[in-house]
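Visitor: In the numbering used here, the protein residues as written are 354 to 595.
Every residue gets a Cβ at the ideal spot worked out from N, C-alpha and C, and that includes glycine.
Here the structure is a predicted model, which means the values were calculated and not measured.
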Ligand SMILES: [Zn+2]
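Written out as C-alpha cells, the structure is:
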C-alpha cells in the first residue's frame with residue numbers, strides 16, 4: 354500500500370506543515386508496470402472526485418522522467434514517459450497546477466455550502482480545472498439576482514479568512530456534526546466507519562479525499578462566469594477565481 358502524504362491530518366497548528374502543501378518528497382519504487390511505477394509513498398493526487406490528476410517529475414541521480422497521469426486502480430499508478438533507472442526517486446509536483454486545483458476545490462465546498470444554505474439545493478456533481486470549474490445543483494433554477502447573492506456569499510466567507518481543517522472522524526460523530534448540512538452521509542457505504550473530513554470551520558463540513566487550501570483567504574475572489582440549465586431542476590454554475 355502506498356502511503357498517501359496529503360491525506361495526513363491538519364487541525365490548524367501553524368507549526369506543523371499542512372500535508373496538502375507537500376510539493377517534493379523522497380520515495381522508493383515498489384512495483385514497475387510497463388508504463389507506470391508504484392511508490393511506497395506519494396504526494397501526487399490520483400484522478401478522482403472531480404479533481405484532475407497531478408502531473409510532475411520523478412528525479413534520480415543522473416536522470417528524470419515526467420509523471421503524465423496518476424490513476425488509482427487498486428494501487429496508485431504513476432504513469433511515466435521513461436522508466437526511472439534507480440529504486441530511489443524524488444517526486445516533484447507541478448505546483449502551480451496543483452495549487453490551482455486546491456483553490457478551486459476548496460471554492461467548490463464554499464459554493465456548495467452557500468447554495469445549500471440559501472436555496473436548500475444540493476450538489477449533484479462537480480468538476481475542478483485549473484482555470485475554471487463547475488458545480489451542478491438540484492433542485493434549483495437560479496435568477497441573475499440569485500447568482501449575485503451566491504457570489505457575494507462566497508466572497509464574504511473568503512474575506513473572513515476561515516481555516517480549513519482535514520482529519521479522520523468516526524461515522525457516528527460525523528453524523529452529528531453534519532446534521533442539517535448539505536452532504537448526505539448515507540451516500541457513503543455503511544461499511545466505512547472512519548471518514549476523511551474537510552472542515553471549513555462554521556461554514557461547511559463534508560467527507561472528501563481531495564486536496565484543499567488551509568484558509569479561505571487564499572481563494573482570492575469567486576467570479577461566476579455562467580449559469581446553464583442541465584435539465585429539469587438542475588442548474589450548472591461555472592466559476593473562476595480572480
Ligand atoms: Zn473536497
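(1) For residue 568, name the three-state secondary structure that DSSP assigns.
(2) On a Cα-Cα basis, can you pick out the residue from 467, 531 and 525 that is closest to residue 543?
(3) Of the residues 446, 567, 371 and 452, which one's Cα is nearest the Cα of residue 484?
(4) So the candidates are 432, 568 and 409; which of them puts its Cα closest to the Cα of residue 450?
(5) Report the three-state DSSP secondary structure of residue 466 (helix, strand or coil).
(6) Count Cβ pairs between the region 582-593 and the region 522-537 that sit closer than 8 Å; are there 3 or more?
(7) Does ligand 2 have a heavy atom nearer than 6 Å to the CB of residue 563?
(8) Cβ-heavy atom distance between residue 551 and ligand 1 below 6 Å?
(9) Give me the residue from 377, 412, 534 and 393 with the minimum Cα distance to residue 465.
(10) Measure the Cβ-Cβ separation of residue 510 and residue 569 and say whether it is below 7 Å.
(11) Along the chain, which unbroken stretches of the alpha helix (DSSP H) at least 4 residues long are found entirely within the region 403-439?
(12) Compare the Cα-Cα distances from residue 401 to each of 390, 482 and 439 and report the closest residue.
(13) Got a sec, what are the start and stop residues for the alpha helix (DSSP H) residue 504 sits in?
(14) Report the option in 392, 488 and 558 whose CA atom is closest to the CA atom of residue 518.
(15) Just verifying my parser: in three-state terms, what is the DSSP assignment at residue 449?
Guide: Judging by the given coordinates:
(1) The residue labelled residue 568 in the question sits at position 215 within the chain shown. Residue 568: strand per DSSP, three-state reduction.
(2) As a position in the chain shown, residue 543 is number 190, starting the count at 1. Comparing Cα-Cα distances from residue 543 to each of 467, 531 and 525, the minimum goes to 525.
(3) The residue you call residue 484 lines up with position 131 of the chain shown. Among 446, 567, 371 and 452, the Cα nearest to that of residue 484 is on 452.
(4) By one-based count along the chain shown, residue 450 stands at place 97. Closest option to residue 450, Cα to Cα, is 409.
(5) Position 113 of the chain shown, counting from 1, holds the residue named residue 466. Note: residue 466 maps to helix in three-state DSSP.
(6) no
(7) The model on display carries ligand 1 but not ligand 2.
(8) Translated into the one-based positions of the chain shown, residue 551 becomes position 198. Yes, ligand 1 has a heavy atom inside 6 Å of this Cβ.
(9) For this step, residue 465 is matched to residue 112 along the chain shown. Out of 377, 412, 534 and 393, 534 has the C-alpha closest to the C-alpha of residue 465.
(10) Translated into the one-based positions of the chain shown, residue 510 becomes position 157. Translated into the one-based positions of the chain shown, residue 569 becomes position 216. Cβ distance < 7 Å, so residue 510 and residue 569 count as in contact.
(11) none
(12) Here residue 401 corresponds to residue number 48 of the chain shown, with the count starting at 1. Closest option to residue 401, Cα to Cα, is 482.
(13) Your numbering for residue 504 matches position 151 in the chain shown. Per DSSP, residue 504 belongs to the alpha helix (DSSP H) from 497-512.
(14) In the chain shown, residue 518 corresponds to position 165, counting from 1. Closest by alpha carbon: 558.
(15) Taking the chain shown and counting its residues from 1, one reaches residue 449 at position 96. Residue 449: helix per DSSP, three-state reduction.
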